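A quick write-up on the structure given underneath.
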Amino acid sequence: MTVQINYFDTFVWQYKFVKVASAASSGDFSVSDTVTITEGTKGMVTMTVNEDSEAESAETVVITLGSPTNAVTGSVTERTITIVEENVAPMIHLSVAQGGTSGRIVAADGGPVTVTANYSDLNPGDTHTLEWDSALSGLDYVTIDGATVTVDPSTLGDTLMTASATVTDDGNPILSASDSVVVKILATAPALGADDSDGDGISDADEGYGDSDNDGIPDYLDNIDESNLAPVGDSGDVVQTSAGTTVVLGDTAFSSGNNEVGIDESDVGSADADWDYLGGLVDFKVSGAQAGATYNVVIPLSGTVPAGAVLRKFMGDNIGWQDFVENATNAIHSAMATSGTCPEPGSAAYAPGLPTADVMVPEQTICLELLIEDGGPNDMDGVANGTVVDPSGIATLYFGPPSSNSTISIDATELKAGGNETATVTVTAVDPDGRALEGMTVSASASLSDATVGDFTESAGGVYTATLTPGKTGGELTVTATISDGSDSISITSAVVTIKKSGGGCTVGGSGSSDSSMIILLLAGMLYLLRRKLLKIQ
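Last residue of the sequence shown: 544 (our numbering), numbering continuous.
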């Protein structure tokens with residue numbers, strides 16, 4: 007186990023430990039209780055597991071950092087180690103080298119490139135079978151010899167190459183592990199001189215274009231020594247993971263050639279059609295904990311977080327984009343930076359969720375802390391292999407302007423004028439691609455002068471409703487609604503509604519006579535005819 011301090015001066019740093027054994031007897035292991043750092047920034051603690059003849063289930067040992075001398079503890083103060091007797095999957099790591107220089111960046115004119123599969127197993131009695139990706143065997147510039155692949159890059163020019171391998175043990179049950187590496191092949195090696203591009207006091211020529219720490223950044227452009235830090239962009243901001251873990255550029259960030267974890271949506275190669283990533287995305291890999299562990303990752307944001315924003319992730323071509331899944335082992339936390347620096351991973355300064363308007367401070371960096379479970383719903387590789395893969399970003403729903411595809415309807419075809427009858431006007435607002443538009447300003451007017459349309463109320467899905475009240479004027483009525491997003495607007499008109507003029511009853515002609523007048527006339531006529539008939543009889 008590694009104990010790390012953030013800087014070293016003339017003091018001697020000493021840490022004492024408190025051992026907490028859970029389901030593990032003291033005879034199963036031994037560990038020193040003190041580590042002293044006399045130079046540099048790291049010290050090592052060795053734990054020895056003692057072999058016994060008893061069959062036991064998994065046991066855990068928790069090593070907790072006590073009170074240090076000449077230092078204060080950080081947020082990561084304990085480490086859990088699991089002692090197991092059953093079969094454990096092997097571990098594999100692919101390393102790349104050219105001409106004695108390690109790193110994933112090589113040159114076509116730099117000679118043969120070797121990709122080596124380094125694998126190990128906690129079960130000493132297991133034997134292993136190594137298989138390289140079948141796609142490699144069909145390449146005429148590739149030679150496979152056991153755990154080593156040799157590549158002749160001389161004819162490849164500027165390109166990317168992926169090598170993958172799987173190691174399988176013979177335990178019970180049989181278990182396997184896989185790894186892959188993307189190799190960036192430059193057409194020619196860059197000409198490096200006395201310049202110090204990364205400002206670390208070492209010339210570019212002395213550092214070279216290799217990648218000795220395997221973080222995806224050429225050494226002559228890499229001035230970060232800490233394995234748990236990676237640059238976000240040109241601002242000097244860094245992604246930070248817990249001490250003892252390693253963060254490197256993800257494959258997309260590495261392929262883009264920007265030498266930082268910051269990427270654009272276009273770099274991913276699969277657009278998230280309904281979402282905008284105004285602050286860009288980050289793409290990294292973090293490793294160093296046990297398989298299945300949850301990693302804490304701190305990401306400084308370049309701008310504010312708009313209302314309604316969510317964290318979105320790219321989960322590969324098969325799944326595509328999705329919202330970040332939150333549960334007991336996956337979470338989103340946020341805090342404001344202090345003097346431009348984000349709190350360290352695991353700090354109590356982080357509060358659950360994305361920041362809201364009431365906590366954001368203008369011109370102050372927002373810090374996002376993600377808890378990501380290895381092999382969980384937010385790990386792009388989907389495998390509990392000790393490495394989390396995370397292309398993600400803060401996104402807001404994209405909306406086009408209001409379009410003529412929006413609709414308007416009235417829930418009646420006929421209403422009485424001057425009465426108490428009303429109807430509901432429903433407007434559904436959409437953009438040219440059919441996306442429901444929320445937060446629009448909707449107003450409307452009726453074609454008959456004394457009819458009114460009230461204020462619209464918004465409900466879910468871009469639906470807006472208002473009440474139509476007829477006046478005293480009868481005739482054919484339509485309602486015209488205007489939908490505006492503040493910049494663009496459109497108007498749409500409803501179907502016709504008949505407004506029936508009210509009165510004492512049915513009207514006859516234009517005289518205004520009523521039904522009762524007609525009855526009187528008919529009765530008078532009948533009496534007149536009856537009288538004439540009686541007169542004739544007499």
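Glycine included, C-beta positions come from ideal geometry on N, C-alpha and C.
This structure is a prediction, so every number in the text was calculated from the model and none was measured.
Run through DSSP, which three-state label would isoleucine 230 get?
-> Here isoleucine 230 sits in coil by DSSP.
How about alanine 249: is its Cβ closer than 7 Å to a heavy atom in the ligand NAP?
-> This structure simply doesn't include the ligand NAP, nor any ligand for that matter.
Helix, strand or coil at aspartate 225 [DSSP, three-state] = Judged by DSSP in its simplified three-state form, aspartate 225 adopts helix.
Could you work out which residue in Ser455, Thr447, Ala487, Val395 is closest to serine 493 when comparing CA atoms only?
-> When each option's Cα is compared against that of serine 493, the closest is Thr447.
Just the Cα atoms here: how many angstroms apart are serine 308 and serine 184?
-> Between the C-alpha atoms of serine 308 and serine 184 there is a straight-line separation of about 35 Å.
Touching or not, the region 387 to 397 and the region 243 to 260, by the rule of three or more beta carbon pairs under 8 Å?
-> Cβ pair count under 8 Å is three or more, so yes.
Just reading off the alpha helix (DSSP H) that aspartate 273 is part of, what are its end residues?
-> Residues 271 to 274.
Contact between the region 325 to 342 and the region 375 to 391 (3+ Cβ pairs under 8 Å) = Between the region 325 to 342 and the region 375 to 391 there are three or more C-beta pairs closer than 8 Å, enough to call the two in contact.
Kindly give me the distance between the Cβ atoms of aspartate 204 and leucine 227, rounded to whole angstroms, as I take these residues to be in contact under 8 Å.
-> Correct: roughly 5 Å between the Cβ atoms.
Among Thr486, Gln104, Asp206, Leu136, nearest to proline 159 - alpha-carbon criterion | Of the residues Thr486, Gln104, Asp206, Leu136, the one whose Cα lies closest to the Cα of proline 159 is Gln104.
Tell me where the alpha helix (DSSP H) around threonine 122 begins and ends.
-> It is not in any alpha helix (DSSP H) - threonine 122 instead sits in the beta strand (DSSP E) that spans 119 to 126.
Among all the DSSP beta bridges, which residues are the ones paired with glutamine 246?
-> Looking at the DSSP assignment, glutamine 246 forms a beta bridge with Leu235, Val304.
Distance, threonine 419 Cα to glycine 440 Cα | Taking the straight line from one Cα to the other gives about 27 Å.
Could you work out which residue in Gly275, Ala141, Glu137 is closest to threonine 154 when comparing CA atoms only?
-> Out of Gly275, Ala141, Glu137, Glu137 has the C-alpha closest to the C-alpha of threonine 154.
Straight-line Cα distance separating glutamate 444 from serine 500 | One C-alpha to the other measures close to 21 Å.
Residue range of the beta strand (DSSP E) that includes leucine 255 | Its beta strand (DSSP E) spans residues 252 to 255.
Close-in-space but distant-in-sequence residues of the same chain around serine 293 (CB under 6 Å, 5 per side omitted) = Around serine 293, the same chain offers Thr252, Gly392, Thr393 as residues with beta carbons nearer than 6 Å, after the five sequence neighbours per side are excluded.
If you draw a straight line from the alpha carbon of glutamine 370 to that of proline 306, how long is it in whole angstroms?
-> Near 10 Å, if we compare the C-alpha coordinates of proline 306 and glutamine 370.
Backbone CA spacing between serine 353 and valine 367 [nearest angstrom] = Per the coordinates, the alpha-carbon of serine 353 lies some 20 Å from the alpha-carbon of valine 367.
Could you have a look at glycine 205 and say whether DSSP puts it in helix, strand or coil?
-> Correct three-state label for glycine 205: coil.
Stretch pair the region 187 to 194 + the region 164 to 172: three plus CB contacts closer than 8 Å = With a cut-off of 8 Å, the region 164 to 172 and the region 187 to 194 count as touching, because enough Cβ pairs lie within range.
Spatial distance of arginine 318 from leucine 287 (CA atoms) | Roughly 9 Å between the two C-alpha positions.
Between the region 92 to 109 and the region 123 to 131, are three or more C-beta pairs nearer than 8 Å?
-> Segments in contact, yes.
Assigned secondary structure, glycine 492 (DSSP; H/G/I helix, E/B strand, else coil) | DSSP places glycine 492 in coil when its eight states are reduced to three.
Going by Cα to Cα distance, which pick from Thr428, Pro438, Gly481 is closest to phenylalanine 405?
-> Per the Cα distances, Pro438.
Proximity winner among Val173, Thr42, Asp176, Leu145, relative to leucine 162 (alpha-carbon distances) = The shortest Cα separation from leucine 162 among Val173, Thr42, Asp176, Leu145 belongs to Leu145.
With respect to the alpha helix (DSSP H) encompassing leucine 142, which residues constitute its N-terminal and C-terminal limits?
-> Element bounds for leucine 142: 140 to 143.
Do the CB positions of threonine 88 and glutamine 246 come within less than 8 Å of each other?
-> Taking 8 Å as the Cβ cut-off, threonine 88 and glutamine 246 do not qualify as a contacting pair.
Among Val119, Val90, Thr344, which one has its Cα closest to the Cα of proline 130?
-> Measuring from the Cα of proline 130, the nearest candidate turns out to be Val90.
Helix, strand or coil at serine 101 according to DSSP, with G and I counted as helix = In the displayed model, serine 101 falls within a strand according to three-state DSSP.
Nearest-angstrom Cα separation, counted from threonine 402 out to valine 173 = It is roughly 42 Å from the alpha-carbon of valine 173 to the alpha-carbon of threonine 402.
Can you name the start and end residues of the alpha helix (DSSP H) that alanine 472 belongs to?
-> Boundaries for alanine 472: no alpha helix (DSSP H) harbours it, while the beta strand (DSSP E) harbouring it runs 469 to 475, taken from the DSSP string.
Indicate whether glycine 214 and leucine 198 have their beta-carbon atoms separated by less than 8 Å.
-> Closer than 8 Å, so yes.
DSSP on glycine 481, reduced to helix/strand/coil?
-> The three-state secondary structure of glycine 481, taken from DSSP, is strand.
For isoleucine 3, I'd like the list of residues in its chain whose CB is within less than 7 Å of its CB, leaving aside the five on either flank, ordered along the chain.
-> Since the first residue of the chain shown is 7 and the last is 544, residue 3 is not available in this structure.
Element boundaries [beta strand (DSSP E), containing aspartate 185] = Boundaries of the beta strand (DSSP E) around aspartate 185: 182 to 192.
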